[in-house]
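Let me begin by presenting the structure, written as structure tokens, before commenting on it.
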């Protein structure tokens, strides 16, 4: 195991976050605060509480998930795409590092950034609404597993993408609709039966539901199923990456 | 495809006998490329069965036009590109199976000026050492930066540097993990004279430390200046691999030009035995000869000239360069 290499890649990536502090930390915090002001306070005050939880508190886990998913996919993909784009990837590919070590470095950094931002948003939310966490351990587990899984997913996109448009398509066009329609801002019980059934095809529903359960013990789907779904998605990403590394797909071809 | 394009064994031309890297006990080659092929996804056959042994401590120049396969060859040895067929051993280890051992031995300076624009010189060079699995060593990084005249720029961001400075940074990165083999892919493309000097100084120092250096170039003067051996690649095949001075001897032609004091109308019959040609204005004679032809041919020509009453006011000789040889070779095979 080339620990030095993992450390180098990890801290190199984290240093980039420090350098782009405004863009990578401040901007998601401001965006989320706006959501709280608009949905939580302005509109939310006119919405009745859901299963005993005020609307502002209800949407907090979904908002954290929205940012976590977007950030992890974006950071996970840019981390590997950027060296591919500039050409500096030659160095990582010619270094005595296994692909798994490269993966740990990049995905570790992307997941760390996502987690840091997620926790900052949680802290920010506590200024606007009442937050209680019923199952802190489960909350952290959901957070960490989601961060890792979606950073891996981002890494796959980063290897696959041939240009910036392809790179942005998933974080910009796929993640937000899935999150918005995955029960971040409502309970799917509020939907007609048909749309409830459709919602169950949305992977983000399981993440948001499980994560919200760890806060308020209210869930659209059984939290165990949520965990299983994250596990399935994690396994899918890992086997996809296994195939990519074995064939050298778009990296060593 | 099976025959090794290796001409060094021709008589009187044994490079091992005169090279500085001669050893009493033959050392295994540091790099051994065997029947290497590469076909890219789009069907392009970049390498068509390359065989090449690189000796420890030598400077090998790989010459070839653009698209000849030089960079693909280097990329496979360094582990950036997967080979289609054949194998490569570095220090006796397979580059695919034992990539950790082989890649640790190699430093690569790529052709393109690819840098992390927003990083500082110090960070990017330290990063390189780290990804090669070596513990931080600020003293060594400082030494490398000083040798490459980068020390004053160590806190500058890479985007603030000129092209030549970036090239130096790439060299510093490649040296940061103390490699035993250094690949320089087109190191002097777009580089000014002073950097070129500096670079050859570094190359010479590394060579004294026993580092094996492989450089690709299409500036033939470079190969002529510093290489021990020269390989010529074109169309994915190694056309020739030979010790440089032997190559020059075998293929190099010499010319002697005599500026005459008086106009000559024709070459006198007494000089017909020499390969002479008279210029149109009759004011100069050119004698062509090869390295093999001994010096006495010139001495006897000069005395024959005196005997014929032909006097000259100036004399110059010219030797065909590696470039002439290269052009001849590439055109011949094309």
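Residue numbers (the working numbering), protein chains in the order written: chain H, 131 to 383; chain V, 57 to 390.
We treat Cβ as the ideally placed atom computed from N, Cα and C, and that holds for glycine.
Does the beta carbon of residue i sit closer than 9 Å to a beta carbon anywhere in chain V?
i: residue 132/H; result: yes
i: residue 220/H; result: yes
i: residue 142/H; result: yes
i: residue 148/H; result: no
i: residue 138/H; result: yes
i: residue 383/H; result: yes
i: residue 145/H; result: yes
i: residue 230/H; result: no
Near residue i, which residues of its chain fall below 7 Å by C-beta distance, leaving aside the five closest residues on each side in sequence?
i: residue 275/V; result: 244
i: residue 147/H; result: 154, 243
i: residue 140/V; result: 93, 94, 95
i: residue 314/H; result: 189, 192, 193, 195, 196, 338
i: residue 357/H; result: 340
i: residue 300/H; result: 203, 287
Taking the straight line between their C-alpha atoms, what separation do you get for residue i and residue j?
i: residue 246/H; j: residue 285/H; result: 19 Å
i: residue 283/H; j: residue 305/V; result: 60 Å
i: residue 239/V; j: residue 164/V; result: 5 Å
i: residue 125/V; j: residue 232/H; result: 28 Å
i: residue 167/V; j: residue 187/V; result: 20 Å
i: residue 369/V; j: residue 310/V; result: 20 Å
i: residue 292/V; j: residue 88/V; result: 17 Å
i: residue 356/V; j: residue 374/V; result: 19 Å
i: residue 133/H; j: residue 184/H; result: 47 Å
i: residue 151/V; j: residue 249/V; result: 36 Å
i: residue 216/H; j: residue 94/V; result: 24 Å
i: residue 236/H; j: residue 143/H; result: 7 Å
i: residue 377/V; j: residue 155/V; result: 39 Å
i: residue 147/V; j: residue 381/V; result: 32 Å
i: residue 130/V; j: residue 268/V; result: 14 Å
i: residue 162/H; j: residue 117/V; result: 58 Å
i: residue 137/H; j: residue 229/H; result: 14 Å
i: residue 329/H; j: residue 318/H; result: 8 Å
i: residue 360/H; j: residue 178/H; result: 31 Å
i: residue 372/H; j: residue 162/V; result: 26 Å
i: residue 383/H; j: residue 213/H; result: 16 Å
i: residue 323/V; j: residue 354/V; result: 16 Å
Answer with buried or exposed for residue i, where buried requires no fewer than 16 other C-beta atoms within 10 angstroms of its C-beta.
i: residue 190/V; result: buried
i: residue 256/H; result: exposed
i: residue 325/H; result: exposed
i: residue 367/V; result: exposed
i: residue 264/V; result: exposed
i: residue 186/H; result: buried
i: residue 173/V; result: exposed
i: residue 201/H; result: buried
i: residue 293/H; result: exposed
i: residue 365/V; result: exposed
i: residue 205/H; result: buried
Please identify the residue among the options whose C-alpha is closest to the C-alpha of residue i.
i: residue 180/V; options: 141/H, 319/H, 237/H; result: 141/H
i: residue 320/V; options: 341/V, 260/V, 377/V; result: 341/V
i: residue 257/V; options: 281/V, 145/V, 298/V; result: 281/V
i: residue 400/H; options: 199/H, 131/H, 195/H, 179/H; result: Only positions 131 to 383 of chain H appear in this structure, which leaves residue 400/H out of reach.
i: residue 104/V; options: 112/V, 128/V, 360/V, 122/V; result: 128/V
i: residue 225/H; options: 131/H, 203/H, 362/H; result: 131/H
i: residue 176/V; options: 207/V, 134/V, 159/V, 149/V; result: 207/V
i: residue 199/V; options: 183/V, 234/V, 219/V; result: 234/V
i: residue 229/V; options: 178/V, 247/V, 362/V; result: 178/V
i: residue 115/V; options: 299/V, 157/V, 136/V, 201/V; result: 299/V
i: residue 212/V; options: 196/V, 232/V, 171/V, 192/V; result: 171/V
i: residue 159/V; options: 231/V, 109/V, 120/V, 192/V; result: 231/V
i: residue 43/V; options: 102/V, 210/V, 266/V; result: Given that chain V is displayed from residue 57 to residue 390, the structure contains no residue 43/V and the question cannot be resolved.
i: residue 266/V; options: 101/V, 112/V, 133/V, 202/V; result: 112/V
Using a Cβ-Cβ cutoff of less than 8 Å, which residues in the same chain neighbour residue i once the five nearest sequence positions on both sides are dropped?
i: residue 364/H; result: 275, 278, 279, 282
i: residue 90/V; result: 107, 142, 143, 144, 145
i: residue 332/H; result: 308, 311, 312
i: residue 338/V; result: 316, 319, 320, 321
i: residue 370/H; result: 286
i: residue 263/H; result: 269, 344, 345
Kindly say whether residue i, judged by its beta-carbon, lies nearer than 9 Å to any beta-carbon of chain H.
i: residue 168/V; result: yes
i: residue 295/V; result: no
i: residue 282/V; result: no
i: residue 172/V; result: yes
i: residue 156/V; result: yes
i: residue 212/V; result: no
i: residue 183/V; result: yes
i: residue 253/V; result: no
Got a sec? Which residues, its chain only, sit under 6 Å from residue i by beta carbon, not counting five neighbours each side?
i: residue 349/H; result: 339, 343
i: residue 180/H; result: 188, 317
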